[in-house]
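Peer 1:
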Amino acid sequence: MFGGRHFLAQETSKATDTGQTLRRLMRYFRPYGRLLLAAGVLVVITTLLRLASPALTGVAVDQFIAPSGQPMPGWLAAILPDDVSRVAGLTVTMLLLLAVYLANFAGTAGQFYLMTIVGQRILYAMRTEILERVLLLSLRFFDQHETGDLMSRLVSDTEVINQVLTGGITRLATTSLALVGYPIVMLIINWRLALVSLTVLPVMIVTTSLFSKRARTAFRRTRKTIGEVSAELQENIAAVREVQAFSREDENIADFQTVNAANRDANVEAESVLSAFSPT
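In terms of the working numbering, the sequence shown opens at residue 1169 and continues consecutively.
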């Protein structure tokens, strides 16, 4: 009662059956098929627009800024007169590039908006189901699990799932399409330079795999420690009369500082791994 050891569910390993876990999550997506389809279409469109941006920049340089003597692309020749000046041609190309950027901005905003709607509705359903399940559990279960930890599951852990739903899925889809699209465009432009550039890809894959393992362990520890912090807070607030009656304020503060420091260190470690990934 006054800050002893907590009977918390430890998250020491990933799900034993990832496929089953994903299938359980998929049932939450089924009611929102149209919204997900619309978001998927926007993901494809924005990815194509991102591929078009460097192509337009290349056209601007090769045709109008530092002409290389290469023939003008057919799509550009169709919209420009034969005797177009370099300044006029560059202006049209830059306006097209601006239109691509604005369309990409609108598409990205749209897909995140749609996924936010889906994520919040799924979060609502998840929290309701979890609470319904918790209220049906035996009293023995509550003897072995801290209330604060259960609250952390309802609030913090579900919020992590929401972050994956609203941002993670769209980023994963966009990145996956880009990993396919960019090499294709590079190979079309210059297959020799593309092959040289892609030699770094295996190193990137190995590095990403190593970082993902470290990040998974680090963030699992943050979820565990925030559960301990929530349990410690709930226990102290609920039992404040007993704490004051037995003059245990200093001991309870010391116990809380310990679990709070563990949560701080876990978050610092997790963010350090995350911040080191991109520059690496």
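Ideal Cβ positions, reconstructed from N, Cα and C, are used throughout, including at glycine. Please read these numbers as outputs of a predicted model, since none were measured by experiment.
Are there 16 or more other CB atoms within 10 angstroms of the CB of G1172, so buried, or fewer, so exposed?
Peer 2: On the sequence shown, position 4 is the one that residue 1172 refers to. Its pLDDT being 40, under 50, G1172 is placed unreliably by the model, and the measurement read from it follows with that caveat. Looking at its Cβ environment, which holds fewer than 16 other Cβ atoms inside 10 Å, G1172 is exposed.
Peer 1: Tell me whether M1319 sits in a helix, a strand or coil according to DSSP, three-state version.
Peer 2: The residue labelled residue 1319 in the question sits at position 151 within the sequence shown. Of the three classes helix, strand and coil, the one that applies to M1319 here is helix, per DSSP.
Peer 1: Specify, as a first and last residue, the run of the alpha helix (DSSP H) that D1418 falls within.
Peer 2: One-based indexing of the sequence shown puts residue 1418 at position 250. Element bounds for D1418: 1417 to 1445.
Peer 1: Curious, which full-length alpha helix (DSSP H) runs of at least 4 residues does the segment 1322 to 1384 contain?
Peer 2: List check, alpha helix (DSSP H) in window: 1326 to 1331, 1337 to 1357, 1359 to 1365.
Peer 1: Applying the 10 Å Cβ sphere with the 16-neighbour rule, what's the burial state of V1364?
Peer 2: As a working note, residue 1364 is residue 196 in the sequence shown. Under this definition V1364 is an exposed residue.
Peer 1: Considering only the alpha carbon of each residue, which of E1314, V1229, V1323, S1221 lies closest to A1406?
Peer 2: To locate residue 1406, count along the sequence shown from 1; it is residue 238. Selected option, being the one with the closest Cα: E1314.
Peer 1: In the DSSP assignment, the alpha helix (DSSP H) including M1262 goes from what residue to what residue?
Peer 2: Reading the sequence shown from its first residue, position 94 is the one you call residue 1262. M1262 -> alpha helix (DSSP H) spans 1254 to 1303.
Peer 1: In the DSSP assignment, find the alpha helix (DSSP H) that holds E1314 and state where it starts and stops.
Peer 2: For this step, residue 1314 is matched to residue 146 along the sequence shown. Careful: E1314 lies outside any alpha helix (DSSP H) and carries neither H nor E.
Peer 1: Within 8 Å, do at least three Cβ pairs link the segment 1421 to 1435 to the segment 1342 to 1356?
Peer 2: no
Peer 1: Following the continuous alpha helix (DSSP H) through G1237, name the residue where it begins and the one where it ends.
Peer 2: The sequence position of residue 1237 within the sequence shown is 69, counting from 1. From DSSP, G1237 is part of no alpha helix (DSSP H); its letter is neither H nor E.
Peer 1: Taking its Cβ as the centre, do 16 or more other Cβ atoms sit within 10 Å of M1169, making it buried, or is it exposed?
Peer 2: Indexing the sequence shown from 1 puts residue 1169 at position 1. The predicted model places M1169 with a pLDDT of 38, which falls under 50 and marks its position as unreliable; any figure quoted below should be read in that light. Residue burial is scored here from C-beta neighbours: M1169 has fewer than 16 other C-beta atoms within 10 angstroms and is therefore classed as exposed.
Peer 1: Give the single residue among I1298, I1290, W1359 whose Cα lies nearest to the Cα of Q1331.
Peer 2: Residue 1331 sits at position 163 when you count from the first residue of the sequence shown. Answer by Cα proximity: I1290.
Peer 1: Measuring alpha carbon to alpha carbon, tell me which of A1386, L1264, I1356 ends up nearest L1442.
Peer 2: Locating residue 1442 in the sequence shown gives position 274, counting from the first residue. The shortest C-alpha to C-alpha distance from L1442 to any of A1386, L1264, I1356 is the one to A1386.
Peer 1: Keeping to the same chain, check which residues put their C-beta closer than 8 Å to that of T1448; ignore five residues upstream and five downstream.
Peer 2: Counted from its first residue, the sequence shown places residue 1448 at position 280. Excluding residues within five positions, the ones whose Cβ falls inside 8 Å are T1375, F1379.
Peer 1: Out of Y1269, R1191, T1214, Q1231, point me to the one whose CA is closest to R1252's CA.
Peer 2: Counting from one through the sequence shown, the residue named residue 1252 turns up at place 84. A small correction: the amino acid at residue 1252 is Val; Arg does not occupy that position in the sequence shown. Ranking Y1269, R1191, T1214, Q1231 by Cα distance to V1252 puts Q1231 first.
Peer 1: How big is the Cα-Cα spacing for P1249 and L1193?
Peer 2: The residue labelled residue 1249 in the question sits at position 81 within the sequence shown. The residue labelled residue 1193 in the question sits at position 25 within the sequence shown. So the alpha carbons of these two residues sit roughly 55 Å apart.
Peer 1: Return helix, strand or coil for A1177, following the three-state DSSP convention.
Peer 2: Here the question's residue 1177 lines up with position 9 in the sequence shown. Caution applies to A1177, whose pLDDT of 44 falls short of 50 and renders its modelled position unreliable; the value that the coordinates give is listed next. It is coil, neither helix nor strand.
Peer 1: With distances taken Cα to Cα, identify the nearest neighbour of T1189 among A1383, L1366, L1270, I1329.
Peer 2: Against the sequence shown, residue 1189 aligns to sequence position 21. Out of A1383, L1366, L1270, I1329, I1329 has the C-alpha closest to the C-alpha of T1189.
Peer 1: Here's the rule I'm using: 16 or more other beta-carbon atoms within 10 Å means buried, otherwise exposed. How should D1317 be labelled?
Peer 2: The residue you call residue 1317 lines up with position 149 of the sequence shown. When all chains shown are included, D1317 counts as buried.
Peer 1: Go through the segment 1388 to 1415 residue by residue and report every complete run of the alpha helix (DSSP H) that reaches 4 residues or more, in order.
Peer 2: 1408 to 1413
Peer 1: What residue range is occupied by the uninterrupted alpha helix (DSSP H) comprising Q1188?
Peer 2: On the sequence shown, residue 1188 is found 20 positions in, with the first residue counted as 1. For Q1188, the uninterrupted alpha helix (DSSP H) run begins and ends at 1186 to 1197, by DSSP.
Peer 1: Does S1306 pass the burial test, meaning 16 or more other C-beta atoms within 10 Å, or should it be called exposed?
Peer 2: Position 138 of the sequence shown, counted from the start, is the residue given in the question as residue 1306. Exposed is the call here.
Peer 1: Under the three-state reduction of DSSP, which class applies to L1248: helix, strand or coil?
Peer 2: As a working mapping, residue 1248 is identified with position 80 in the sequence shown. Coil at L1248, not helix or strand.
Peer 1: Helix, strand or coil for S1221, going by three-state DSSP, please let me know.
Peer 2: Start at 1 with the first residue of the sequence shown, and residue 1221 comes out as number 53. Helix.
Peer 1: With a cut-off of 8 Å, do at least 3 Cβ pairs link the segment 1252 to 1265 to the segment 1277 to 1296?
Peer 2: no
Peer 1: Is the shortest distance between the beta-carbon of G1187 and the beta-carbons of chain D less than 8 Å?
Peer 2: The structure shown contains no chain D; it is built from a single protein chain.
Peer 1: What's the gap between the Cα of V1211 and the Cα of A1223?
Peer 2: The residue given as residue 1211 occupies position 43 in the sequence shown. The residue given as residue 1223 occupies position 55 in the sequence shown. When rounded, the distance between both Cα atoms is 19 Å.
Peer 1: Count the C-beta pairs between the segment 1276 to 1286 and the segment 1204 to 1221 that are closer than 8 Å, then say yes if the count reaches three, no if not.
Peer 2: yes
Peer 1: Please name the residue in G1242, P1351, V1348, I1285 whose C-alpha comes closest to that of P1199.
Peer 2: Numbered from its first residue, the sequence shown carries residue 1199 at position 31. Considering only alpha carbons, the answer is I1285.
Peer 1: With 16 as the cutoff for other CB atoms within 10 Å, does K1449 come out buried or exposed?
Peer 2: Here the chain covers residues 1169 to 1448 and nothing more, so residue 1449 does not appear.
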